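**Q** Numbering (this note's numbering), first residue to last: 204 to 709. Just so it is clear, CB atoms sit at the ideal spot from N, CA and C, and this is done for glycine as well. Bear in mind that the values here come from a model prediction, so they are computed numbers and not experimental data. The structure is given below, and queries will be raised subsequently.
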Ligand SMILES: Nc1ncnc2c1ncn2[C@@H]1O[C@H](COP(=O)(O)OP(=O)(O)OP(=O)(O)O)[C@@H](O)[C@H]1O
Ligand SMILES: [Mg+2]
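Below, the structure is given as structure tokens:
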């Protein structure tokens with residue numbers, strides 16, 4: 204393959220108040236290759252990508268494109284010279300439909316200069332077909348799942364005909380099947396000559412797509428290597444600055460009594476007849492493909508959505524959960540998979556984001572807030588969860604994606620609960636921070652909580668659960684003890700319907 208250099212970034216530096224996000228970074232992007240950028244949360248990956256795509260201008264450094272020095276001050280200019288980015292946090296208009304989003308501002312026009320809607324839907328349908336998704340181009344973005352929104356972002360990027368495509372954690376919200384089709388597309392784009400810059404915290408993906416890898420640590424350039432000349436443990440070591448022999452902490456938790464019983468639990472059109480018991484100290488993973496009903500189940504258990512029939516018993520008490528408030532009161536807390544939509548107060552500080560939903564724990568009988576106590580809790584959790592921020596006062600929108608996620612986890616766990624339901628807790632989180640989060644979950648379990656973890660990452664389901672509930676098309680197809688005999692093939696077998704649902708769980 205003819206790998207010519209398309210873009211060269213030289214000695215790039217960028218600071219924000221209180222943070223040197225990038226210090227003297229060099230990077231070259233070649234045609235016909237996937238160049239992976241690795242680094243922990245807050246290492247500077249997204250900042251570097253935003254500089255290459257015109258979102259930020261660098262404080263120092265030069266970018267050359269096809270041998271010529273280029274300067275751009277907007278994403279529009281960058282896309283005009285052939286660089287497009289799919290951001291880590293989506294950039295879609297929720298009230299517009301899929302087609303309008305993909306070709307926003309570039310809609311095909313008819314001879315009267317009006318938008319040609321037929322063409323608009325035809326062209327965007329073709330792009331989506333290339334990604335092998337059957338998303339309806341007339342659907343509103345706000346109606347789509349996170350995964351589908353991600354696919355729309357990708358389709359939008361494809362529509363630019365770029366020579367460089369930057370993907371900032373494109374698979375964080377996708378299921379294995381969707382990732383497979385994405386990688387087919389990436390291969391296709393690569394062989395057509397594009398240079399792809401790819402960021403992911405899912406290390407196992409490197410085996411499938413990485414040609415070269417650049418490692419950043421704390422805003423500094425560490426190295427660039429050919430993937431075939433290195434190993435994943437080696438790259439992890441370069442990334443975190445120390446050897447990591449284990450990806451999961453040791454688990455040594457004694458289970459107690461049953462803390463949650465769910466019987467014949469159904470929500471019409473979403474899931475039906477779910478049955479399980481959870482013990483205090485136990486971690487139950489929920490596995491399944493996109494649309495299997497995992498998130499719907501979590502939402503109904505935590506009072507966000509109504510259920511039609513079934514019974515929930517928390518600590519032996521029968522509960523009729525009709526709202527989030529009732530769920531919290533019963534002792535059930537929930538972490539949403541979609542942090543931007545349901546979780547973060549973007550304009551507020553890291554500290555407020557942790558404390559606001561938890562004020563009850565720092566208020567006295569007449570509602571007066573004990574600020575000293577509040578600050579102590581905030582500081583403790585910033586340290587415990589390793590949130591990288593110049594201060595607790597920093598607005599949360601300025602934190603890197605992974606660090607925002609850590610703040611939400613801190614918010615969830617700083618208040619004792621009987622059952623924690625967490626949906627995709629480590630999405631977008633680096634290997635080191637994942638380890639820390641697993642350790643925190645084990646601590647919660649050790650303190651007596653029961654934990655339900657919904658996750659699309661099979662390694663983590665297998666790495667930390669005691670048992671695994673598998674769902675397919677709204678039904679529970681297996682409840683499996685996580686012992687040495689359990690592997691991802693078995694879970695996938697039940698998740699895809701390749702194995703018949705287990706008899707004893709119905
Ligand atoms: N607009 C901004 N204002 C202030 N600080 C910022 C801003 N953007 C990024 N930062 C800071 O710069 C550093 C690098 O952030 P960046 O988002 O590039 O990290 P990242 O490597 O992409 O991390 P992640 O894996 O979590 O996405 C972080 O400390 C972050 O808090
Ligand atoms: Mg990032």
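What do you reckon, is the C-beta of residue 244 under 7 Å from a heavy atom of ligand 1?
**A** As a position in the chain shown, residue 244 is number 41, starting the count at 1. Residue 244: yes, Cβ under 7 Å from ligand 1.
**Q** Determine whether the beta carbon atoms of residue 486 and residue 668 lie at a separation below 8 Å.
**A** Within the chain shown, residue 486 is the residue found at index 283, counting from 1. Within the chain shown, residue 668 is the residue found at index 465, counting from 1. Yes; because the gap between Cβ atoms is below 8 Å, this pair is in contact.
**Q** Measure the C-alpha to C-alpha separation of residue 417 and residue 240 and round it to an integer number of angstroms.
**A** To locate residue 417, count along the chain shown from 1; it is residue 214. To locate residue 240, count along the chain shown from 1; it is residue 37. Distance between the alpha carbons of residue 417 and residue 240 is about 5 Å.
**Q** Closer than 7 Å to a non-hydrogen atom of ligand 2 - does that hold for the CB of residue 604?
**A** If you number the chain shown from 1, residue 604 lands on position 401. Indeed, a heavy atom of ligand 2 lies less than 7 Å from the Cβ.
**Q** Determine which residues share a DSSP beta bridge with residue 514 and list them.
**A** Against the chain shown, residue 514 aligns to sequence position 311. In the DSSP output, where bridge partners are listed per residue, residue 514 has 466.
**Q** Would you mind stating whether residue 489 and residue 615 have Cβ atoms separated by less than 8 Å?
**A** Sequence index remark: in the chain shown, residue 489 carries index 286 (1-based). Sequence index remark: in the chain shown, residue 615 carries index 412 (1-based). No, the pair does not count as a contact, with Cβ atoms beyond the cut-off.
**Q** Who are residue 211's beta bridge partners in DSSP?
**A** In the chain shown, residue 211 corresponds to position 8, counting from 1. Answer by DSSP bridge pairing, in chain order: 231, 267.
**Q** Could you give the distance in angstroms between the alpha-carbon of residue 470 and the alpha-carbon of residue 676?
**A** For the purposes of this step, residue 470 is identified with residue 267 of the chain shown, where counting begins at 1. For the purposes of this step, residue 676 is identified with residue 473 of the chain shown, where counting begins at 1. Their backbone Cα atoms lie some 13 Å apart in a straight line.
**Q** Do residue 253 and ligand 2 come close, with the Cβ less than 7 Å from some heavy atom?
**A** Residue mapping note: residue 253 aligns to position 50 of the chain shown, counting from 1. No, the Cβ of residue 253 stays beyond 7 Å of every heavy atom of ligand 2.
**Q** Are there any heavy atoms of ligand 1 lying less than 7 Å away from the beta-carbon of residue 248, as far as the coordinates show?
**A** Numbered from 1 along the chain shown, position 45 holds the residue referred to as residue 248. Yes, the Cβ of residue 248 comes within 7 Å of a heavy atom of ligand 1.
**Q** If I'm right that residue 300 touches residue 356 with Cβ under 8 Å, what's the distance once you round it to whole angstroms?
**A** Translated into the one-based positions of the chain shown, residue 300 becomes position 97. Translated into the one-based positions of the chain shown, residue 356 becomes position 153. Not a contact, Cβ separation roughly 15 Å.
**Q** Using 10 angstroms around the beta-carbon of residue 660, count the other beta-carbons present and answer buried if the total reaches 16, otherwise exposed.
**A** Numbered from its first residue, the chain shown carries residue 660 at position 457. Residue 660 should be labelled buried.
**Q** Under 7 Å from any heavy atom of ligand 3, does the C-beta of residue 371 make it?
**A** Of the ligands this structure carries, namely ligand 1 and ligand 2, none is ligand 3.
**Q** Name, in chain order, the residues that DSSP records as bridge partners for residue 219.
**A** Mapped onto the chain shown, residue 219 falls at position 16. Answer is 222, bridged to residue 219.
**Q** Please list the terminal residues of the continuous alpha helix (DSSP H) segment that includes residue 236.
**A** By one-based count along the chain shown, residue 236 stands at place 33. It is not in any alpha helix (DSSP H) - residue 236 instead sits in the beta strand (DSSP E) that spans 236-241.
**Q** Following a CB-centred definition, is residue 588 positioned closer than 7 Å to any heavy atom of ligand 1?
**A** Here residue 588 corresponds to residue number 385 of the chain shown, with the count starting at 1. Not under cutoff, so the answer is no.
**Q** Note down, one range per segment and in chain order, each beta strand (DSSP E) of at least 3 residues found wholly within the segment 327-407.
**A** Counting whole runs of 3 or more residues, the segment 327-407 contains the beta strand (DSSP E) stretches 367-371, 398-402.
**Q** Near residue 600, which residues of its chain fall below 6 Å by C-beta distance, leaving aside the five closest residues on each side in sequence?
**A** The residue labelled residue 600 in the question sits at position 397 within the chain shown. Taken in chain order, the residues that qualify are 549.
**Q** Short of 8 Å in beta carbon distance, which residues of its chain neighbour residue 597, apart from the five on each side in sequence? Order them along the chain.
**A** Reading the chain shown from its first residue, position 394 is the one you call residue 597. Once the five neighbours on either side are set aside, the close Cβ partners of residue 597 are 221, 552, 553.
**Q** For residue 464 and residue 401, I'd like the C-alpha separation in whole angstroms.
**A** By 1-based counting over the chain shown, the position of residue 464 is 261. By 1-based counting over the chain shown, the position of residue 401 is 198. Going by the C-alpha atoms only, they are around 43 Å apart.
**Q** What first and last residue would you give for the alpha helix (DSSP H) that runs through residue 411?
**A** Position 208 of the chain shown, counting from 1, holds the residue named residue 411. Where residue 411 is concerned, the enclosing alpha helix (DSSP H) stretches over 409-412.
**Q** Need the endpoints of the alpha helix (DSSP H) that residue 583 sits in, please.
**A** Position 380 of the chain shown, counting from 1, holds the residue named residue 583. Unbroken alpha helix (DSSP H) run through residue 583: 574-587.
**Q** Hey, would you say residue 228 sits closer than 8 Å to residue 215, going by beta carbons?
**A** Stepping through the chain shown from its first residue, residue 228 is reached at position 25. Stepping through the chain shown from its first residue, residue 215 is reached at position 12. Their beta carbons are under 8 Å apart, which means residue 228 touches residue 215 by this criterion.
**Q** Straight-line CA distance for residue 308 to residue 284?
**A** Counting from 1 along the chain shown, the entry for residue 308 is found at position 105. Counting from 1 along the chain shown, the entry for residue 284 is found at position 81. Straight-line Cα distance between these residues: approximately 17 Å.
**Q** Exposed or buried, residue 609, counting other C-beta atoms within 10 Å across all chains shown (16 or more means buried)?
**A** For this step, residue 609 is matched to residue 406 along the chain shown. Buried, by the Cβ-count rule.
**Q** What I want to know is whether the C-beta of residue 224 ends up closer than 7 Å to one or more non-hydrogen atoms of ligand 1.
**A** Along the chain shown, read from residue 1 onward, the residue named residue 224 stands at position 21. Because some heavy atom of ligand 1 lies under 7 Å away, the Cβ of residue 224 counts as near it: yes.
**Q** Looking at the structure shown, is residue 478 part of a helix, part of a strand, or coil, going by DSSP?
**A** Counted from its first residue, the chain shown places residue 478 at position 275. Three-state DSSP puts residue 478 in a strand.
**Q** Under 8 Å: do the segment 644-660 and the segment 620-630 share three or more Cβ pairs, one atom per stretch?
**A** Yes, they touch.
**Q** Under 8 Å, do residue 242 and residue 406 count as touching if we go by C-beta distance?
**A** Counting from one through the chain shown, the residue named residue 242 turns up at place 39. Counting from one through the chain shown, the residue named residue 406 turns up at place 203. Not closer than 8 Å, so no.
**Q** According to the neighbour-count rule (16 or more other Cβ atoms, all chains shown, within 10 Å of its Cβ), is residue 298 buried or exposed?
**A** Position 95 of the chain shown, counted from the start, is the residue given in the question as residue 298. Result: exposed.
**Q** So what's residue 456 in DSSP terms, helix, strand or just coil?
**A** What you label residue 456 is simply residue 253 of the chain shown in a count that begins at 1. Residue state, collapsed to three classes: coil.
**Q** Applying the criterion that 16 or more other CB atoms from any shown protein chain within 10 Å of the CB defines a buried residue, is residue 666 buried or exposed?
**A** Mapped onto the chain shown, residue 666 falls at position 463. That one is buried.
**Q** Apply the 10 Å Cβ neighbour rule to residue 447 and answer buried if 16 or more other Cβ atoms are within range, or exposed otherwise.
**A** Numbered from its first residue, the chain shown carries residue 447 at position 244. Exposed, since its Cβ has fewer than 16 Cβ neighbours within 10 Å.
**Q** Find the nearest neighbour of residue 504 within the set 473, 635, 280, 492, judged by alpha-carbon distance.
**A** One-based indexing of the chain shown puts residue 504 at position 301. Residue 473 is the option with its Cα nearest to residue 504.
**Q** By the DSSP assignment, the alpha helix (DSSP H) with residue 442 in it spans what residues?
**A** Start at 1 with the first residue of the chain shown, and residue 442 comes out as number 239. Where residue 442 is concerned, the enclosing alpha helix (DSSP H) stretches over 435-443.
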